[in-house]
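Chemist:
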Amino acid sequence: MNQQIHLKPQFVLGAASMASGAALVVSVITNASLATILIYLGAFSGFLAVSKWLRSSRTERKIIRAKTITGMSAGVIATGAYDLSRLLIVKLFNIPLNPFKAIPVFGQLILGANSSGAAVLIWGILYHLLNGILFAVAYCFFFGNRNWKWGIAWAMCLEIAMFSIYPSWLHLQAVMQEFTIVSISGHLVYGSVLGLFCNRFLKINIGGSYGN
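Read in order, the letters of the sequence shown correspond to residues -9 to 202 in the numbering used here.
Structure below.
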């Protein structure tokens, strides 16, 4: 019964946490400013989250807070592991691919196509980190208390979404084999770290057992 009561809040808050990723899809498809889309989607998602928080009981708020904190912490660690694993694979196997090619492009989508320099890299890195964290928060709301292998399944869903956009967007047709190897490997690491972290620490942060 408890499970049914909390199902809808988990879904709404998990979906709201996907706003930054959804913004990129819209920006790439429509060629609109990523910054503008982030503002609008972020405001809408924030409204949903605040509304859900205000209508939640004390017990629900404890769970929401725990899932948010756990997801954010897991996101930072999993994103770092994701980037490090891709870099190591490229270096160890001498793969002719820049695993961070999307970073400056993110920055240009936010600041403008003609932008360059350190600001582009900084904004690109911040957006990349934001995605990694929010995807982890979404996972925590959707599947956080399940077996850690669900983290890998979640990461593979993100991988499929990436494959539907990145190759044509970043003109990767000439290095598709290399991109596939590096990208899948990175997402396997991201999902494993995410699943293990959430499975280990979510119950501790909540202070008891809780199922999705």
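We put the CB at the ideal spot given by N, CA and C, even for glycine.
From a predicted model like this one, the values you see are computed outputs, not experimental measurements.
Tell me whether Val40 is buried or exposed, calling it buried when 16 or more other Cβ atoms sit within 10 Å of its Cβ.
Modeler: As a first step, residue 40 is located in the sequence shown; it is residue number 50 there, counting from the start. Classification for Val40: exposed.
Chemist: Report back the beta-carbon spacing between Gly61 and Ala126 to the nearest angstrom; my notes put them in contact at under 8 Å.
Modeler: Taking the first residue of the sequence shown as position 1, residue 61 is located at position 71. Taking the first residue of the sequence shown as position 1, residue 126 is located at position 136. Contact holds; Cβ gap of about 5 Å.
Chemist: Could you spell out the range, first to last residue, of the alpha helix (DSSP H) harbouring Pro94?
Modeler: Within the sequence shown, numbered from 1, the residue matching residue 94 stands at position 104. Ala92 to Leu101 is the extent of the alpha helix (DSSP H) around Pro94.
Chemist: Can you have a look at His177 and say buried or exposed, based on whether 16 or more other CB atoms are within 10 angstroms of its CB?
Modeler: Position 187 of the sequence shown, counted from the first residue, corresponds to residue 177. Per the 10 Å Cβ criterion, buried.
Chemist: Within 10 Å of its beta-carbon, does Tyr72 have 16 or more other beta-carbons around it, so buried, or fewer, so exposed?
Modeler: Position 82 of the sequence shown holds residue 72. Result: buried.
Chemist: With 16 as the cutoff for other CB atoms within 10 Å, does Pro86 come out buried or exposed?
Modeler: Taking the first residue of the sequence shown as 1, we reach residue 86 at position 96. Pro86 should be labelled exposed.
Chemist: Go ahead and label Ala103 buried or exposed: buried means 16 or more other beta carbons lie within 10 angstroms of its beta carbon, across all protein chains shown.
Modeler: Along the sequence shown, one-based indexing puts residue 103 at 113. Exposed, by the Cβ-count rule.
Chemist: Does the beta-carbon of Asn21 have 16 or more other beta-carbons within 10 angstroms, so that it is buried, or is it exposed?
Modeler: For this step, residue 21 is matched to residue 31 along the sequence shown. With fewer than 16 Cβ atoms within 10 Å of its Cβ, Asn21 is classed as exposed.
Chemist: Excluding the 5 residues preceding and the 5 following Tyr117 in the sequence, name in chain order all residues of the same chain whose CB lies nearer than 6 Å to its CB.
Modeler: Taking the sequence shown and counting its residues from 1, one reaches residue 117 at position 127. Once the five neighbours on either side are set aside, the close Cβ partners of Tyr117 are Phe96.
Chemist: Drop a sphere of 10 angstroms on the beta-carbon of Gln0, count the other beta-carbons inside from all chains shown, and report buried for 16 or more, exposed for fewer.
Modeler: Here residue 0 corresponds to residue number 10 of the sequence shown, with the count starting at 1. Buried is the call here.
Chemist: Please classify Ala109 as buried or exposed, where buried requires at least 16 other C-beta atoms within 10 Å of its C-beta.
Modeler: Position 119 of the sequence shown, counted from the first residue, corresponds to residue 109. With fewer than 16 Cβ atoms within 10 Å of its Cβ, Ala109 is classed as exposed.
Chemist: Indicate the three-state DSSP secondary structure (helix, strand or coil) for Leu160 in the structure shown.
Modeler: One-based indexing of the sequence shown puts residue 160 at position 170. Note: Leu160 maps to coil in three-state DSSP.
Chemist: Look at the Cβ atom of Ile93, then the Cβ atom of Ile115, and state whether they are nearer than 8 Å.
Modeler: For the purposes of this step, residue 93 is taken as residue 103 along the sequence shown, with counting starting at 1. For the purposes of this step, residue 115 is taken as residue 125 along the sequence shown, with counting starting at 1. Contact flag set, yes.
Chemist: Quick check on Leu203: does DSSP put it in helix, strand or coil?
Modeler: One cannot answer for residue 203 here, as it falls past the ends of the chain, which runs -9 to 202.
Chemist: Can you give the Cα-Cα distance for Val18 and Gly141, rounded to whole angstroms?
Modeler: Walking along the sequence shown from the start, residue 18 turns up at place 28. Walking along the sequence shown from the start, residue 141 turns up at place 151. Going from the Cα of Val18 to the Cα of Gly141 covers about 26 Å.
Chemist: In chain order, which beta strand (DSSP E) runs of at least 3 residues are fully inside the stretch 17 to 85?
Modeler: As far as the stretch 17 to 85 is concerned, it has no whole beta strand (DSSP E) run of at least 3 residues.
Chemist: DSSP three-state call for Leu3: helix, strand or coil?
Modeler: Translated into positions along the sequence shown, residue 3 becomes position 13. Correct three-state label for Leu3: helix.
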